[in-house]
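Input: a single structure, listed below in structure tokens.
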Amino acid sequence: MYERAYIQGTKSIGAFLGKTFAKDIFPAIDEEPFSILYSSNASKSNTPVNICIAALIIKEIFGISDDELVENLMLDPRYQYALHTTSCEEQPLSE
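Written out as structure tokens, the structure is:
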């Protein structure tokens with residue numbers, strides 16, 4: 030499974046999310062190809078594309094549901110660190 034390929038060699042999920050994902054994978058997500066989908070007009074702020082894509086990658090790697098992903102993001106600082114949302118007052122994918 031995907032998870033084993035990415036996590037192999039790390040000591041924990043936290044090490045994978047913190048060291049590998051947050052420092053290598055997340056910064057490599059290019060938002061530019063998605064800019065056409067966003068309005069330049071003043072409107073409610075959107076969740077950044079890199080957070081959405083990163084969350085989907087984590088969801089697939091760990092084989093979790095949408096609800097589990099949102100719950101983990103709300104309650105687990107390792108997920109927040111991986112998605113660079115630790116300083117957010119409200120998590121961007123919350124219900």
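So the number in our numbering is just where the residue sits in the sequence shown, counting from 1, plus 29. Using N, Cα and C, we set each Cβ at its ideal position, and we do this for glycine too. Keep in mind the model is a prediction, meaning the values are calculated, not measured.
For Q109, the uninterrupted alpha helix (DSSP H) segment begins and ends at P106 to A111.
Setting aside the 5 residues that flank it on each side, F55 is surrounded in the same chain by N79, A83, A111, L112 and H113, each with a C-beta closer than 8 Å to its C-beta; the list follows chain order. With respect to the 9 Å criterion, P106 and P77 are not classified as neighbours on the basis of their beta carbons.
The region 42-50 makes contact with the region 95-109; the number of CB pairs closer than 8 Å reaches 3 or more.
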